[in-house]
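In case it helps, the numbering used here puts the sequence shown at residues 316 to 1288.
Take a look at the structure set out below.
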Amino acid sequence: MGSRRHRAKAAAASLRTGGCLPALLIAVLSSLCAAFNLDVERPSTYSGPGGSYFGYSVDFYGTNSVSVIVGAPKGNTSQYSIREGGAVFYCLWSPHQTHCNSIAFDQQGTAYLNMTLNDTEVQAEFKSHQWFGATVRAHGDTVLACAPLYSWRTKQDMPEAEVTGSCYMSVRNFTKFVEYAPCRTEFHDRTGQGYCQGGFSADFTKEGKVVLGGPGSYFWQGQLISAVKEEIVRAYYPGFFLTSVKGQIETKQKKQINFDDNYMGKGPSGQFVTGVPRGVRLHGQVRVPSGALLAAGMGSYFGYAVSATDINNDGLTDLLVGAPMFMVRDSDGRLEELGRVYVYLQTGPLELEPQTPHLTGTQTFGRFGSSIASLGDLNQDGFTDVAIGSPFGGKEEQGMVFIYNGYAKGLREKASQVIAGQWASAAPPALPASFGFALRGDKDIDHNGYPDLIVGAFGVDKVVLYRSRPIVNTSATLSVYPTMINPEEKVCTISNGNQTMHVSCVNLSFCFSANGKHLPEKLAFNVEVQLDRLKQKQKGAVRRALFLDTQQASLQRKLHVPTDGKLCHETKIYLRDEKEFRDKLSSIFIALNFSLDPEAAADQHGLQPILNYQTAQVIEQKAQILLDCGEDNICVPDLKLSVHGDRKEVYMGDDNSLTLTFNARNDGGGAYEAELYVVLPPEADYSGIARKNELTCSYETENQTRYLSCDLGNPMKSGTNLWAGLRFTVPRLRDSGKVVQFDLQIRSTLPLSHSLTLSLPLSLSLSLSLSLSAHPSLAPSVSRPDKVFFPPPNWKTSKNVAMEQEVGPPVEHIYELVNNGPSHISHTLLQLQCPMGVQGQKLMYLLEVTTEGPVNCTTHSVVNPMGLKVRPTLLGSSNRNLTVVLGQCECLRVRGPLIFLCGPLQVVTHVVWNKPDSHYDVPLWIIVLAIVTGLLLLSLLIYILYKLGFFKRTQYGTAMEKAQLKPQAASEA
């Protein structure tokens, strides 16, 4: 019992959510309808009570005055003590009204049929939540509505009840109602028909026989039951649970256990096929009298939807099978659930051949193939069209319906129309709109001669009726005569103000004819003719041909074409002056575009006709300009080019004026749009034409490519020999290579012409005038000072020095490197060598190095290693040992082995050695020793002289001495 309750709840849940239980979709071998001309702009929308699942099942009703019936399986009615028993609505159609009324199929409540158990009356049937209206089908004046979750119980079921399902049928336009519950029998519980869910799906045959499906019978093997509707009416007796219908047929239980849980919907009757979506180990089946068709993928629910119709109009009924959970591997190898519909064409009695490729959905989890409706011949081409529902398709899961057209070989692979739902799916836990869950056609509701389509969206309680618009089959022709325009024959005239011009012209005409079923007497067409329309898309191009009467490139007309008649219009077009355009070779394309006038009045049914979707609405013709190429109008030019420059090399840093002289010749036929194409290198600029002639050149830039285009003639006639010169400058030479190259090409637009390309390379050279000298402001001396005295006064030899003057006398050397051009140089190295020491002794102390200009200096010696305090100098710099000035230089790298050497320049500082008085020059002991030695030598000398008597003198001198002294003495006295 627990298992039985679980399965009943699962079935109910599947119905409530529109899940994947097999809605037993009985494909009756008859025609239904739909297609591409459905009017999606002006549909009729019916609304039902909120939350009633209005639109879960739909169908057309009536013969003369066709309306719509809609099932709402969760709707409430006026039945006593029944909650959400379900309802069926009758919706009368008119162009301006979409009102629906509920139909009282069952006016009794749950207390009407009871049973007595142990002298106690108990409830025998349960109609709350029975889902009445989950299936509705109409045939003539009869409507069948089923409640697959209807439950009743016997004495053996106490206290539970069995989900047998029940249906009600109205006859004679809702004047009589009878109940038909073929699964409510003595074969109870899961072994019999206790869980039949009769009416889960239902339909009428073409002759009016009722067919019910019960997927829960016999351990969920499924069952098909069929009876004639007249016998059902005759057997009905109010108040009886069990009835016997004469002539009723039904499938029996299969004894093999592998048939359990197959959810079969139909049996082996010669008139029916049935889907078994869980058959053959979940691969799915569609059973026909001749055998079974298997799906390709497990779990695809092959057989969930089945429809039978003659698609290719060969008199044999074909079969369409839906597998809404079919999965396809994407480019990454992952499985995607897209859904699929299989098409089987009947080639002989019960011989079905699959059409390939099959129809596969495009929306992941869209459940493509959940519903299929055969729609008859919507476009009146003699073949049946089909609608396929994808209730969860679309970006917002609003649901989609795809329309496919039939043809002689089956069903076309591409949908001719896709209808998207108007209502986006609400956020969970709300139900999706499920637009396309229910589809129905095969009725012309407005009697305009074309079948229409009903689409249910039970998630938003809506039903949408799409009417078909009449199809217009149109034939249009466009002709130009003559097709060759001779520029030399100017036979037409045009006027521009007071000026009259003679032009070359040709005739142009276009004709229309229209036919179809149920069309008005005349059809309004909007027609536009464009001349040379391809030139409109080209930058700077002009239309080469214009209409003679308007002098415009387009012509617009509104034509009223009689149905089953023909209408033509004639005019002239002319060729513009040849100076106004260059292209004389390509064809002048003439395009005729037409459409039905959208502002035309609607027909008597409120609909506007539509062109057949297979109609080509753009027709093209072309005209050609007569060329000067002989009788065959084919030119084969022979173009030749030579070029030379007035110099072979250019110098960096110079303007480098350059003239390229070229010779262009044509030794063959006329060359149209002949031009010289020159690609300029980045280093060059265009200056102008060197020689005065009729040559015209345009300078253009495209994607950082600069080029020169020179017109050589249109056409450049045979025998043309043209000399011309082009002036350039090459001022921007860089380190991009050793060569500057100009590329020249002579070419023509003729397909048989041969373009010739030449290159003119110019060598890159470097010309320099370098000089290295002492700074001119310091001439003639380059050393400051040019002579130094050493040692300086008060010079100390102590190592503890802090000032620069304590080291020694300062010396400044100043140099200047000058580049007189014209070329630039970079990475110039000036090497200065100074005698930092002599015989292993330090001679110079490098105090500081400074520069002027863009120069970097480095030294192998450490600058000012003792960190001496530097005092300012007369030059305003702080250096004392070396000053370098590099002027008139620009840093520019030159690639290649360009080496320039300058002769050496020597700057000399003379050193004069001083010997100052200082007791620090000779050691003291030497001085003392010298004094003592001198004194000893003096004493020795005195002693020797003494011994020799040098110091002995007489008291009186000689007579002469006396004579000489006396006058002096006398004078002194």
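Just so you know, even glycine gets a beta-carbon here, dropped at the ideal spot from N, CA and C.
Report, in whole angstroms, the separation of the C-beta atoms of residue i and residue j, which I expect to be a contact under 8 angstroms.
i	j	result
Val965	Val1055	6 angstroms
Gly480	Cys511	6 angstroms
Val373	Ile760	The Cβ separation is near 12 angstroms, so there is no contact.
Thr632	Gln661	6 angstroms
Arg859	Leu890	6 angstroms
Val778	Tyr361	4 angstroms
Thr976	Val958	7 angstroms
Leu907	Phe825	5 angstroms
Lys1184	Glu1127	The Cβ separation is near 18 angstroms, so there is no contact.
Phe909	Glu935	At roughly 13 angstroms, the Cβ-Cβ gap does not stay under 8 angstroms, so Phe909 and Glu935 are not in contact.
Tyr1014	Tyr1001	5 angstroms
Cys807	Lys899	Their Cβ separation, rounded to whole angstroms, is 19 angstroms, which puts Cys807 and Lys899 out of contact at 8 angstroms.
First and last residue of the alpha helix (DSSP H) that includes residue i?
i	result
Ala550	544–550
What is the DSSP secondary structure of residue i, reduced to helix, strand or coil?
i	result
Thr1174	coil
Gly764	coil
Arg1289	The question about residue 1289 has no answer here: the residues shown for the chain are numbered 316 through 1288.
Arg1208	Only weak support exists for where Arg1208 lies, its pLDDT of 27 falling under 50; the coordinates are left without a value.
Tyr533	helix
Arg755	strand
Val1243	helix
Val775	helix
Gln1253	In the sequence as displayed, the identity of residue 1253 is Leu instead of Gln. Helix, per DSSP.
Leu863	coil
Glu893	helix
Tyr405	strand
Asp953	coil
Leu1260	helix
Thr1248	helix
Leu849	helix
Glu1119	helix
Ala350	Caution is warranted here: a pLDDT of 43 is assigned to Ala350, below 50, making its placement in the model unreliable, and the coordinate value is therefore given only provisionally. In this structure, Ala350 counts as coil in the three-state DSSP scheme.
His920	coil
Phe717	strand
Ser869	strand
Met484	strand
Phe617	coil
Lys1184	strand
Asp1000	strand
Leu1158	coil
Looking at the strands, I want to know which residues DSSP matches up with residue i.
i	result
Leu660	Glu668
His817	Thr808
Asn908	Glu843, Val933
Asn822	Tyr796, Lys887
Glu651	Val643
Pro1076	Gln1056
His676	Note that residue 676 is Gly in the sequence shown, not His. Partner(s): none; Gly676 has no beta bridge.
His1225	Lys1102
Asp374	Ile384
Pro877	Lys837
Phe519	Val525
His959	Thr976
Tyr722	Gly725
Would you give the residue range spanned by the beta strand (DSSP E) that residue i belongs to?
i	result
Tyr796	786–796
Tyr495	491–495
Gln732	732–735
Met967	Where Met967 is concerned, there is no enclosing beta strand (DSSP E), given that its DSSP letter is neither H nor E.
Arg727	Per DSSP, Arg727 belongs to no beta strand (DSSP E) and is neither H nor E.
Tyr361	359–362
Thr624	620–624
Gly637	633–638
Phe369	That residue, Phe369, is in no beta strand (DSSP E); it is neither H nor E in DSSP.
Gly704	701–705
Ser749	Careful: Ser749 lies outside any beta strand (DSSP E) and carries neither H nor E.
Review point. Fully enclosed by the stretch 1008–1055, which beta strand (DSSP E) runs are 3 residues long or longer?
Key: Taken in chain order, the complete beta strand (DSSP E) segments of 3 residues or longer contained in the stretch 1008–1055 are 1011–1017, 1020–1028, 1036–1044.
Exercise for review: Within the stretch 407–466, note down every full beta strand (DSSP E) run reaching 3 residues or more, in order along the chain.
Suggested key: Under the rule that a run must span 3 or more residues, the beta strand (DSSP E) segments found entirely inside the stretch 407–466 read 415–418, 429–432, 435–438, 450–454, 457–462.
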